[in-house]
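Mapping of the sequence shown onto the working numbering: residues 445 to 598, in sequence order. Glycine residues also receive a C-beta, built at the ideal position from the N, C-alpha and C atoms. What you are looking at is a predicted structure, and each value in this text was computed from that prediction instead of being measured.
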Amino acid sequence: MIRKLLVSEVSEVKGLIDPFVKEGLMLPKSLHSLCQSVRDFWVMTAENDPSRIVGCCALQVSWLDTAEIRTLAVAKDHQGRGIGKALVQSCIREAAGLGIKSLFTLTYVPGFFTGMGFCEVEKSSLPNKIWSDCIHCQYFPDCREVALTYGIDG
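Written out as structure tokens, the structure is:
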């Protein structure tokens with residue numbers, strides 16, 4: 445089941461993303477930053493254990509008509525089942541409902557997003573407002589993520 449994240453589950457989401465951070469596939473997130481963005485997150489729970497979160501994805505509004513898809517993670521033992529796609533689709537629906545016209549993501553796994561209709565773009569084409577988090581990144585200013593965008597019809 446896909447639903448919004450509860451504050452009591454923030455530590456579980458951190459535990460879900462930390463292995464991907466260690467592999468260099470995601471940027472680290474502190475408990476503090478996850479708590480601050482709890483309302484941005486969608487989660488998927490396991491079919492056989494609704495108390496276990498097996499996937500997460502966040503939608504963060506960046507500007508008047510722009511939002512970012514971020515922190516997409518699916519537990520290794522649940523990958524290949526469409527969970528990531530379903531989570532991103534939940535974010536897209538939410539964005540459309542908010543009147544967002546354009547989504548972007550910065551990722552180390554661009555093939556997943558191009559398979560969902562996102563288009564690779566130069567990072568420099570993204571609005572400067574989106575770079576506020578980057579100043580705190582361990583890789584700044586040598587970003588290795590790939591930028592992609594997605595237009596929402598409406």
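Nearest-angstrom Cα separation, counted from Lys466 out to Lys545
Mapped onto the sequence shown, residue 545 falls at position 101. Mapped onto the sequence shown, residue 466 falls at position 22. Spanning the two alpha carbons is a distance of roughly 34 Å.
Which residues does DSSP list as the beta-bridge partners of Gln504?
Locating residue 504 in the sequence shown gives position 60, counting from the first residue. Gln504 is bridged to Glu512.
Thinking just about the alpha-carbon of each residue, which of Gly524, Lys567, Leu450 is nearest to the one in Trp486?
Translated into the one-based positions of the sequence shown, residue 486 becomes position 42. For the residues Gly524, Lys567, Leu450, the minimum Cα distance to Trp486 belongs to Leu450.
6 Å CB neighbourhood of Lys567 in its chain, flanking five on each side removed:
As a working note, residue 567 is residue 123 in the sequence shown. Closer than 6 Å at Cβ, skipping near neighbours: Ala591.
What did DSSP end up calling Ile461 once you bin it into helix, strand or coil?
On the sequence shown, position 17 is the one that residue 461 refers to. Ile461: helix per DSSP, three-state reduction.
The alpha helix (DSSP H) spanning Leu531 covers which residue range?
On the sequence shown, position 87 is the one that residue 531 refers to. Where Leu531 is concerned, the enclosing alpha helix (DSSP H) stretches over 527-542.
Compare the Cα-Cα distances from Arg514 to each of Glu453, Leu471, Gly543 and report the closest residue.
Looking up residue 514 in the sequence shown gives position 70. The option with the nearest alpha carbon to Arg514 is Leu471.
Ignore the nearest five residues each way along the sequence and tell me which others in Pro571's own chain have a CB closer than 8 Å to its CB.
What you label residue 571 is simply residue 127 of the sequence shown in a count that begins at 1. Here the set comprises Ser506, Trp507, Thr510.
In the DSSP assignment, the beta strand (DSSP E) including Phe548 goes from what residue to what residue?
Reading the sequence shown from its first residue, position 104 is the one you call residue 548. First-last of the beta strand (DSSP E) with Phe548: 546-551.
Could you name the residues of the same chain whose beta carbon sits closer than 7 Å to that of Arg496, not counting the 5 residues immediately before and after it, in chain order?
Within the sequence shown, residue 496 is the residue found at index 52, counting from 1. These residues qualify, in order along the chain: Thr489, Ala490.
Just how far apart, CA to CA, sit His522 and Cys500?
Taking the first residue of the sequence shown as position 1, residue 522 is located at position 78. Taking the first residue of the sequence shown as position 1, residue 500 is located at position 56. Each residue's Cα considered, the two are about 12 Å apart.
According to DSSP, simplified to helix, strand and coil, what is Leu449?
In the sequence shown, the residue the question calls residue 449 occupies position 5. Coil.
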